[in-house]
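Following our numbering, the residues of the sequence shown are numbered contiguously, the last one being 531. Using N, Cα and C, we set each Cβ at its ideal position, and we do this for glycine too. Contents: one structure, followed by commentary.
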Amino acid sequence: MTEKRRAVVLILDGLRRDFVTPERMPRLSALRRRATWCAEHRSVFPSVTRVVSSSVATGCRPARHGLAGNTICLPNDGALALFDAGKPDFIAEKQRLTGRALAMPTLAERLAPAGGVAVYNNVSPGAAYLHDPLGFGHVYHRAGSFGPGRAPLAGERALAIAGDLDGDAALVARFTKEAVAMDRPALALAWLGHPDTTQHDHPLGSPQHHEALRRADAHAGAVVDAVDAARRRGDDILLLVGSDHGHQTVSDVVDIDAELVAAGLKAAPGSTDIVVAPNGTAALIYVDPRQAHLAAPLGAYLAGRPWVGRLIARDDFNAFGIPADDGLAFAVAMAADDEAVNAYGVPGLSLAAKPAGGKPDRLGCGQHGGLGRYEQSPVLILDGPGFAAGGTIAEPTSAIDLAPTLLAFLRQEAPGLDGRPLQPRP
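Take a look at the structure:
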């Protein structure tokens with residue numbers, strides 16, 4: 106087998122940094138000891154998977170890649186309409202309404218002529234497809250798998266798994282066999298659904314949560330073992346293991362739509378003069394451009410609400426990397442208490458925005474999206490050439506740094522990204 110320089114990435118969705126301990130996650134803790142640990146790694150805002158997926162894929166903040174949230178508004182037939190970026194058809198809808206999926210090239214596009222990209226993904230379909238919306242490489246997902254040109258993959262080539270922990274295990278088995286050991290693309294990326302999905306359904310620190318951490322740790326161990334075996338066969342591999350965001354415990358749920366109607370600011374439930382796009386412990390609030398006069402009283406009202414932890418107006422969008430989309434007037438990080446603990450003694454409580462589309466509210470379970478300490482405490486471990494065993498990067502790093510780090514290792518030019526390579530400077 107010819108030696109090949111390549112990168113392998115594993116994302117454990119929703120894993121927060123303080124859960125990586127020798128007792129809870131021995132395999133990840135062992136990897137940390139032999140690799141470089143990013144002690145101040147952060148998500149983007151909002152700290153939600155479809156936005157982070159786009160930032161990982163492009164190396165850019167939302168203001169550059171153009172996806173503002175898991176749930177967003179787009180102008181449709183002359184009015185603001187809510188769209189769930191996790192739906193399988195979201196990219197097609199966004200392209201139809203805006204003319205593009207993402208505003209920046211993805212790793213799949215950049216690496217297409219240099220060894221290619223394979224993505225194995227067990228979160229929402231939209232999040233999976235945002236890694237390669239234009240079909241430059243391979244994307245495997247239970248809702249549909251595609252090759253170059255977005256040619257559908259059927260039969261044994263499809264990814265017929267469930268979204269549960271067993272599905273994650275099946276994905277890892279296939280990923281390690283195909284992408285790591287056999288196909289060997291320039292970039293092989295696996296994005297697992299847990300512990301995130303478990304944390305949304307069960308309290309942080311509960312027995313179910315600890316079991317999800319145990320199994321996620323075993324999945325990480327299987328990927329590490331496969332990478333080590335490939336290295337012994339001569340391949341030069343950079344391994345990145347991390348997460349997209351952490352979690353806080355939901356202490357209460359706020360129906361922002363109802364609050365705005367009760368305050369006389371929004372005409373009625375479902376009206377399109379003001380539209381709220383809930384994003385977990387964050388919200389994006391849109392004002393119909395034809396009714397721009399509503400923005401000033403809306404801002405004054407939001408500034409006085411106890412459920413608002415941080416109100417971000419358009420003048421501050423750039424500082425937070427928020428796209429200045431048509432109609433997007435305010436972003437809200439819901440109020441959080443980073444010191445308070447839940448029923449299992451796990452710190453970090455947040456208010457959550459009432460979800461759209463009838464999705465369930467889960468008091469006492471995990472959520473994310475905002476700027477709380479623990480939802481903004483994801484994991485990043487760097488193992489391979491250029492990164493010291495037992496090393497620590499103490500300065501802040503971010504999801505936008507993954508793409509430039511990978512491209513630097515693969516010796517690919519990548520001008521104009523928001524992130525930076527994390528390799529030590531000569």
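Ordered along the chain, which non-local residues of its own chain (more than five positions away) have a Cβ less than 6 Å from that of residue i?
| i | result |
| --- | --- |
| L117 | L297, A321 and S348 |
| F425 | F150 and I417 |
| P428 | P167, A168, G171 and A173 |
| L344 | V113, V332, D488 and G489 |
| R247 | L264 and I266 |
| R122 | S482 and V484 |
Pick helix, strand or coil for residue i, following the three-state DSSP scheme.
| i | result |
| --- | --- |
| V451 | coil |
| P428 | coil |
| Q313 | helix |
| A458 | strand |
| E480 | coil |
| V413 | strand |
| I379 | strand |
| M106 | Residue placement at M106 is flagged as unreliable, the pLDDT there being 49, under the threshold of 50; the coordinate-derived value follows with that caveat. The answer is coil: DSSP assigns M106 none of H, G, I, E or B. |
| I266 | coil |
| A387 | strand |
| H324 | helix |
| Q200 | helix |
| E444 | strand |
| F150 | coil |
| V224 | strand |
| S160 | helix |
| Q472 | strand |
| K341 | At residue 341 the sequence reads Asp, which differs from the Lys that was named. Strand, per DSSP. |
| H243 | strand |
| Q353 | strand |
| P520 | coil |
| R289 | coil |
| R525 | coil |
| L511 | helix |
Straight-line CA distance for residue i to residue j?
| i | j | result |
| --- | --- | --- |
| R525 | I486 | 16 Å |
| S152 | A219 | 31 Å |
| I379 | T502 | 35 Å |
| G450 | V156 | 30 Å |
| L202 | L433 | 16 Å |
| A397 | Y391 | 10 Å |
| A308 | L318 | In the sequence on display, residue 308 carries Pro and not Ala. Each residue's alpha carbon lies about 13 Å from the other. |
| R415 | A438 | 5 Å |
| D271 | I177 | 31 Å |
| L511 | T141 | 15 Å |
| A388 | A458 | 7 Å |
| G521 | A135 | 35 Å |
| H305 | P483 | 16 Å |
| T126 | R132 | 9 Å |
| A504 | S148 | 6 Å |
| A445 | V285 | 42 Å |
| D362 | A519 | 42 Å |
| T386 | H350 | 12 Å |
| G268 | P394 | 39 Å |
| G119 | R129 | 15 Å |
| D360 | G404 | 17 Å |
| K199 | F188 | 9 Å |
| Y225 | E480 | 24 Å |
| P300 | P531 | 37 Å |
| Q313 | V413 | 31 Å |
Name the DSSP beta bridge partners of residue i, please?
| i | result |
| --- | --- |
| P131 | Note: P131 sits in no beta bridge, so no partner. |
| L297 | L117 |
| S250 | L258 |
| C143 | I498 |
| N423 | Bridge partners of N423: none, in fact. |
| P180 | L185 |
| G347 | I116 and L485 |
| M439 | V413 |
Excluding the five sequence neighbours on either side, which residues of its own chain have a C-beta within less than 7 Å of the C-beta of residue i, listed in chain order?
| i | result |
| --- | --- |
| M106 | Residue confidence is low: M106 scores 49 on pLDDT, short of 50, so the model does not pin down where it sits. Its coordinate-derived value is still stated next. For M106, where only same-chain residues beyond five positions count, the Cβ hits under 7 Å are R338 and G339. |
| T281 | A327, V328 and A331 |
| D506 | G524, R525 and L527 |
| A144 | T497, I498 and A499 |
| L115 | A295, A325, V328 and V346 |
| T377 | A184, L185 and D393 |
| D288 | A223 |
Once the 5 residues before and after residue i are set aside, which same chain residues still bring their CB inside 8 Å of it?
| i | result |
| --- | --- |
| E108 | G339, D340 and D341 |
| V277 | A295, L297, H324, A327 and V328 |
| P180 | A186, L202, D431 and G432 |
| P374 | D362, A363 and V366 |
| A162 | H170, L207, T211, L212, A213, L235, H236, D237 and A508 |
Query raised in the report: Touch check for the region 229-236 and the region 185-195: three-plus C-beta pairs under 8 Å?
Result: Note that the region 229-236 touches the region 185-195; at least 3 beta-carbon pairs, one per stretch, sit closer than 8 Å.
Query raised in the report: Would you call the region 248-257 and the region 272-292 in contact, with 3 or more CB pairs under 8 Å?
Result: These segments do not touch.
Query raised in the report: Would you call the region 203-212 and the region 233-241 touching, i.e. three or more CB-CB distances under 8 Å?
Result: The answer is yes - the region 233-241 touches the region 203-212, with three or more Cβ pairs under 8 Å.
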